[in-house]
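S.K.:
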Amino acid sequence: MELEKEALPLAVVVMGVSGCGKSSVGAGIAAQNGLTFVEGDQLHPAGNVEKMAEGIPLTDDDRLPWLDRIGEEIRAAQNRSQGLVISCSALKRSYRDRLRQAAGGRLAFVFLEGSRELLLSRMQARQGHFMPASLLDSQLQTLEPPTGEPGVVTVAIDGVLDDMVALACEELRAVAIKGGFHAG
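Count the sequence shown with our numbering and you get residues 166 to 349, in order.
Pasting the structure below:
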């Protein structure tokens with residue numbers, strides 16, 4: 166289901182802990198709606214990637230420059246009047262608020278939610294990713310679920326990818342039509 170362009174938030178952040186499917190769902194939302202997808206992991210400073218690869222959890226100080234780069238990507242797309250879907254763990258409310266402030270415009274979040282067991286099995290099965298499964302518990306401890314925040318839709322990750330993408334698009338459309346996303 167394609168989102169109506171006027172109803173689509175100009176930026177959508179697909180969020181959640183590692184292994185939840187941010188890249189797959191984000192790319193699917195972007196593809197279905199003719200939007201650009203940006204893999205947020207590629208915006209991490211090299212030092213962050215090295216720390217995570219060594220099994221060292223990131224601190225707020227580590228994450229803030231990365232969040233600022235994501236905010237810059239969102240702002241640049243909005244300045245070009247282009248829609249954007251970007252993946253970002255956005256684990257804490259303060260991180261999401263930082264992105265909302267950077268966007269200065271329409272911004273929505275898709276929160277991908279799943280059990281620890283499912284997340285762990287996904288992380289153990291994937292290959293070629295710098296984030297080790299040993300950091301899952303640290304991310305789950307850091308996670309502040311976005312319950313009650315404006316412009317957030319929640320999608321369970323225990324379904325088929327195409328169904329998750331379709332549900333996310335449907336929910337984003339509903340949020341946008343109601344004007345429930347953060348408006349700056």
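Ideal Cβ positions, reconstructed from N, Cα and C, are used throughout, including at glycine. Keep in mind the model is a prediction, meaning the values are calculated, not measured.
Look at the alpha carbon of glycine 184 and the alpha carbon of methionine 288, and state the distance between them as a whole number of angstroms.
M.R.: As a working mapping, residue 184 is identified with position 19 in the sequence shown. As a working mapping, residue 288 is identified with position 123 in the sequence shown. Taking the straight line joining both Cα atoms gives about 5 Å.
S.K.: Leaving aside the five residues before and after alanine 176 along the sequence, list all residues of the same chain whose C-beta is less than 6 Å from its C-beta, in chain order.
M.R.: Position 11 of the sequence shown, counted from the start, is the residue given in the question as residue 176. Counting only Cβ-Cβ distances below 6 Å, and skipping sequence neighbours, we find Ile239, Leu249, Ala268, Leu272.
S.K.: Looking at the structure shown, is valine 190 part of a helix, part of a strand, or coil, going by DSSP?
M.R.: Mapped onto the sequence shown, residue 190 falls at position 25. The answer is helix: DSSP assigns valine 190 an H, G or I state.
S.K.: Bridge partners for valine 275 per DSSP, in chain order?
M.R.: As a working mapping, residue 275 is identified with position 110 in the sequence shown. Per DSSP, Val179, Val318.
S.K.: Does glutamine 247 pass the burial test, meaning 16 or more other C-beta atoms within 10 Å, or should it be called exposed?
M.R.: As a first step, residue 247 must be located in the sequence shown, where it is residue number 82. Classification for glutamine 247: exposed.
S.K.: Along the chain, where does the alpha helix (DSSP H) that runs through threonine 307 open and close?
M.R.: For the purposes of this step, residue 307 is identified with residue 142 of the sequence shown, where counting begins at 1. Threonine 307 -> alpha helix (DSSP H) spans 301–307.
S.K.: For glycine 181 versus phenylalanine 276, is the C-beta spacing smaller than 8 Å?
M.R.: Working through the sequence shown from its first residue, we reach residue 181 at position 16. Working through the sequence shown from its first residue, we reach residue 276 at position 111. Yes, Cβ-Cβ distance for glycine 181 and phenylalanine 276 is below 8 Å.
S.K.: Helix, strand or coil: which one does DSSP assign to isoleucine 251?
M.R.: In the sequence shown, the residue the question calls residue 251 occupies position 86. Strand, per DSSP.
S.K.: For threonine 201, list the residues DSSP reports as bridge partners.
M.R.: As a first step, residue 201 is located in the sequence shown; it is residue number 36 there, counting from the start. DSSP output for threonine 201 lists Leu249 as bridge partner(s).
S.K.: Using a Cβ-Cβ cut-off of 7 Å (strictly less than) and excluding sequence neighbours within five positions of glutamine 243, which residues of its own chain qualify?
M.R.: Within the sequence shown, residue 243 is the residue found at index 78, counting from 1. The answer, listed in chain order, is Leu175, Ala176, Ala268, Gly270.
S.K.: Secondary structure at valine 214, three-state DSSP: helix, strand or coil?
M.R.: What you label residue 214 is simply residue 49 of the sequence shown in a count that begins at 1. Helix at valine 214.
S.K.: In angstroms, rounded to a whole number, what distance separates the CA positions of lysine 216 and proline 310?
M.R.: Within the sequence shown, numbered from 1, the residue matching residue 216 stands at position 51. Within the sequence shown, numbered from 1, the residue matching residue 310 stands at position 145. So the alpha carbons of these two residues sit roughly 24 Å apart.
S.K.: Taking Cβ positions, are isoleucine 221 and isoleucine 235 nearer each other than 8 Å?
M.R.: For the purposes of this step, residue 221 is taken as residue 56 along the sequence shown, with counting starting at 1. For the purposes of this step, residue 235 is taken as residue 70 along the sequence shown, with counting starting at 1. No, the Cβ-Cβ distance between isoleucine 221 and isoleucine 235 is not below 8 Å.
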